[in-house]
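Student: This is the structure I want to talk about, given as structure tokens.
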Amino acid sequence: MEKVGILLVSYGSREAAIADSFWRSENYKVNIFDADKQKNPFIVERATDYNIGQDLQKICEFAKRHEDEIDFGIVGPEGHIIGGIRDIIEKETKIPMICPRKEYAIEGSKVSQRHLLEKCFPEANPRFKVFNIKDYSSKYDLRKDVYSWLDELENQVAVKPDAPATGKGVGVWGDHFSTREEVFNHFIFICDYGPVVIEEKIEGEEFSLQFFSDGKHLVPTEAVRDYKRAFDGDRGINTGGMGSYKSQGKKLPFMDQEDWEAGLEIGKKIFKELKVNGDKELLGIPLYMAYICTAEGVKVLEINSRPGDPEIQNLLPTLEDDFVDVCFRILDGNLTRLNFAKKASVVTYAVPMTYGGYRTVFSGDSRVDLIKSRKLSEKYGDAIRIYPGSMELRGKETYALGSRTVCTVGIADDIESARSISLEGIVAIDGPLWNRWDIGSKEHIVKSVEHMKSLRG
Ligand code: GLY
Numbered sequence: 005m006e007k008v009g010i011l012l013v014s015y016g017s018r019e020a021a022i023a024d025s026f027w028r029s030e031n032y033k034v035n036i037f038d039a040d041k042q043k044n045p046f047i048v049e050r051a052t053d054y055n056i057g058q059d060l061q062k063i064c065e066f067a068k069r070h071e072d073e074i075d076f077g078i079v080g081p082e083g084h085i086i087g088g089i090r091d092i093i094e095k096e097t098k099i100p101m102i103c104p105r106k107e108y109a110i111e112g113s114k115v116s117q118r119h120l121l122e123k124c125f126p127e128a129n130p131r132f133k134v135f136n137i138k139d140y141s142s143k144y145d146l147r148k149d150v151y152s153w154l155d156e157l158e159n160q161v162a163v164k165p166d167a168p169a170t171g172k173g174v175g176v177w178g179d180h181f182s183t184r185e186e187v188f189n190h191f192i193f194i195c196d197y198g199p200v201v202i203e204e205k206i207e208g209e210e211f212s213l214q215f216f217s218d219g220k221h222l223v224p225t226e227a228v229r230d231y232k233r234a235f236d237g238d239r240g241i242n243t244g245g246m247g248s249y250k251s252q253g254k255k256l257p258f259m260d261q262e263d264w265e266a267g268l269e270i271g272k273k274i275f276k277e278l279k280v281n282g283d284k285e286l287l288g289i290p291l292y293m294a295y296i297c298t299a300e301g302v303k304v305l306e307i308n309s310r311p312g313d314p315e316i317q318n319l320l321p322t323l324e325d326d327f328v329d330v331c332f333r334i335l336d337g338n339l340t341r342l343n344f345a346k347k348a349s350v351v352t353y354a355v356p357m358t359y360g361g362y363r364t365v366f367s368g369d370s371r372v373d374l375i376k377s378r379k380l381s382e383k384y385g386d387a388i389r390i391y392p393g394s395m396e397l398r399g400k401e402t403y404a405l406g407s408r409t410v411c412t413v414g415i416a417d418d419i420e421s422a423r424s425i426s427l428e429g430i431v432a433i434d435g436p437l438w439n440r441w442d443i444g445s446k447e448h449i450v451k452s453v454e455h456m457k458s459l460r461g
């Protein structure tokens, strides 16, 4: 078998899923060189070599040390992409990198995203205005303008910082504020970091589409629903994502086929607009679009420049193409389609006790043992995947760190069966973690379907 060396720039479970897809290659013997945030037990144990740390220059030095063994690199985390990891490594080594260049990491600015959309697909933009404290000589004038925009939108707003804040800087009327003072206080809290977008709060049901690209072609994938909120019934605060589901096929139960098509059209227009300077800039997953289905059609919530976490964990296990070949086609500029099995998948995250505000303190031991959940592959074969994220190998044992600890993926012919496999994986985890129980549940999906019906009249 042909040998392939891959530099994997990692952060959590998303990259464990990417590594797993490489190691499952039937066409190549893959050696992974893992540049990781922590000693991820899944990746580090199987990697040819690894480097821990997020400093881009140090990652580049690690890549340089293995330059002759590495055929290409691939990057998961947004911070590294926005920071220009591809530009740095490609400048200092011969390793081609799969991710957008710094200049094309549109995820880095919500203001640019709104302006770009205004140019190429304005009907998918909510009404928005950008405020910058630097443009005002007094807080009084700033408040006056903000309040007058709140008047226009009848207070139904979402307030977002320009730079990514992993959901934490975003505040929404009705969820985070119920008075204008609260809106303004939140605005003041985030405006020190740069411009702030105040946009119309949109009512509807969310889905995301991730697009692969070789720089020339844009290849869409199936829609996935992410569960952003902590706690069942979406009652908690925003998190990085507590789990996600996808159906068999392109659309989700609450979507019409036209919604998926609209998502594709919006993605294509943005891609065309971004791609003007060349055919090699937008490699990998340059667009991971967060959409919302509304009574007036599909709107864009935000644009990311990388694979979604956990959404990519829904897709990769159902990809029928050899993922190493997919990467070579990305680099060769001939990725024109992807084939997915007709399967549903459900991802559930188990997270630390204090994550998402489940507990205010937890002072216990954070050891986590995945042996029993991994053993479920004897029962389910490839239909279950266990991907550690914010976990660390210490000697022979593994420990939860601060963020999302581990996700379990169930794959089956329908969402309900996939969910039951995913939850069986969760229940078999030994450790002080909690999770949502309603990811992909019938009740949650029916609620989304009914919500769309009522919006569409
Ligand atoms: N699913 C949320 C994110 O990847 O940003």
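Taking the numbering used here, the leading residue of the sequence shown gets 5, the next gets one more, and so forth. We treat Cβ as the ideally placed atom computed from N, Cα and C, and that holds for glycine.
1. Which residue from Leu-437, Ser-424, Arg-147, Pro-290 puts its Cα closest to that of Val-365?
2. Does Asp-40 come out as helix, strand or coil in the three-state DSSP assignment?
3. For the alpha helix (DSSP H) holding Gly-414, just list the boundary residues, first then last.
4. Got a sec: does the ligand GLY put a non-hydrogen atom nearer than 7 Å to the Cβ of Pro-314?
5. In whole angstroms, what is the alpha-carbon distance linking Glu-265 and Arg-371?
6. In terms of DSSP beta bridges, what is Ile-307 paired with?
7. If you draw a straight line from the alpha carbon of Glu-218 to that of Ala-23, how long is it in whole angstroms?
8. Using CA coordinates, which residue listed in Thr-97, Gln-58, Lys-62 is at the minimum distance from Ile-74?
9. Is Asp-318 near the ligand GLY, judged by its Cβ being under 7 Å from some heavy atom?
10. Please classify Val-79 as buried or exposed, where buried requires at least 16 neighbouring CB atoms within 10 angstroms.
11. Leaving out the 5 sequence neighbours to the left and right, which residues in its chain are closer than 8 Å to Cys-124 when beta-carbon positions are compared?
12. I'd like to confirm something about Lys-247: is its beta-carbon nearer than 7 Å to some heavy atom of the ligand GLY, or not?
13. Over what stretch of residues does the beta strand (DSSP E) that includes Pro-392 continue unbroken?
14. From which residue to which residue does the beta strand (DSSP E) around Gln-214 run?
15. Within a Cβ cutoff of 8 Å, which residues of the same chain sit near Asn-44, ignoring the five residues on either side of it in sequence?
16. With Tyr-353 as the anchor, note down where its beta strand (DSSP E) starts and where it stops.
17. Taking just the CA atoms, how far does Gly-414 sit from Tyr-353?
18. Does Leu-268 come out as helix, strand or coil in the three-state DSSP assignment?
19. Could you round the C-beta distance between Ala-234 and Met-246 to whole angstroms and report it? I think they count as a contact, below 8 Å.
20. Let me know if Lys-303 comes out buried or exposed under the rule of 16 or more other beta-carbons within 10 Å of its beta-carbon.
21. Compare the beta carbon distance of His-190 and Val-163 with 8 Å and say whether it is the shorter of the two.
22. Below 6 Å CB to CB, which residues in the same chain sit around Phe-3 once its five sequence neighbours on both sides are set aside?
23. For Val-34, which residues of its own chain have a beta-carbon under 7 Å away from its beta-carbon, when the five flanking residues on both sides are left out?
24. Determine the DSSP secondary structure at Ile-241, reduced to helix, strand or coil.
25. How long is the line joining the alpha carbons of Glu-186 and Gly-178, rounded to whole angstroms?
26. Just checking Asp-230 against the ligand GLY - is the residue's beta carbon closer than 7 Å to any of the ligand's heavy atoms?
27. Please report how far the alpha carbon of Trp-153 lies from the alpha carbon of Lys-143, in whole angstroms.
28. If you count every other CB in all the chains shown that lies within 10 Å of the CB of Gln-463, and 16 or more means buried, which is it?
29. Any heavy atom of the ligand GLY within a distance shorter than 7 Å of the CB on Asn-308?
30. Do the CB positions of Phe-132 and Ile-202 come within less than 8 Å of each other?
31. Would you say the beta carbon of Gly-244 comes nearer than 7 Å to a heavy atom of the ligand NAD?
32. Helix or strand or just coil, what does DSSP make of Met-456?
33. Going by DSSP, name the residue or residues bridged to Lys-280.
34. Between Ala-416 and the rest of its own chain, which residues show a CB-CB distance below 7 Å, the 5 nearest in sequence each way excluded?
35. According to DSSP, what are the bridge partners of Glu-6?
Tutor: For this structure:
1. Of the candidates Leu-437, Ser-424, Arg-147, Pro-290, the residue whose Cα lies closest to the Cα of Val-365 is Leu-437.
2. strand
3. For Gly-414, there is no enclosing alpha helix (DSSP H); the residue is found in the beta strand (DSSP E) stretching over 410 to 416.
4. yes
5. Pairing Glu-265 with Arg-371, the inter-Cα distance amounts to about 45 Å.
6. Met-293
7. Glu is not the amino acid found at residue 218; the sequence shown has Asp there. Answer to the nearest angstrom: the Cα atoms are 20 Å apart.
8. Thr-97
9. Reading off the sequence shown, one finds Asn at residue 318, where the question assumed Asp. No, the ligand GLY has no heavy atom inside 7 Å of this Cβ.
10. buried
11. Lys-273, Ile-274, Lys-276, Glu-277
12. The sequence as given places Gly at residue 247; Lys does not occur at that position. No, the ligand GLY has no heavy atom inside 7 Å of this Cβ.
13. 388 to 392
14. 209 to 218
15. Ser-14, Gly-16, Glu-19, Ala-20, Asp-38, Pro-392, Gly-393, Met-395, Glu-396, Leu-397
16. Secondary structure note for Tyr-353: its beta strand (DSSP E) is the uninterrupted segment 348 to 356.
17. 12 Å
18. helix
19. 6 Å
20. buried
21. Taking C-beta atoms as the reference points, His-190 and Val-163 count as a pair closer than 8 Å.
22. The structure shown does not extend to residue 3, since the chain is modelled only from 5 to 461, so the question has no answer here.
23. Val-8, Ile-10, Phe-26, Trp-27, Val-328
24. In the three-state scheme derived from DSSP, where H, G and I count as helix and E and B as strand, Ile-241 is classed as coil.
25. 11 Å
26. Taken from the Cβ of Asp-230, at least one heavy atom of the ligand GLY lies inside 7 Å.
27. 15 Å
28. Coverage of the chain is limited to positions 5 through 461, which leaves residue 463 absent and any answer about it impossible.
29. Asn-308: yes, Cβ under 7 Å from the ligand GLY.
30. yes
31. With respect to the ligand NAD, the structure offers nothing, as its ligand set consists of the ligand GLY.
32. helix
33. In the sequence under discussion, the amino acid at residue 280 is Val, which differs from the Lys named in the question. Paired residues: none, contrary to the question.
34. Contacts found: Lys-347, Ala-348, Ala-387, Ala-422, Ile-425.
35. Among the bridge pairs identified by DSSP, Glu-6 is matched with Tyr-32.
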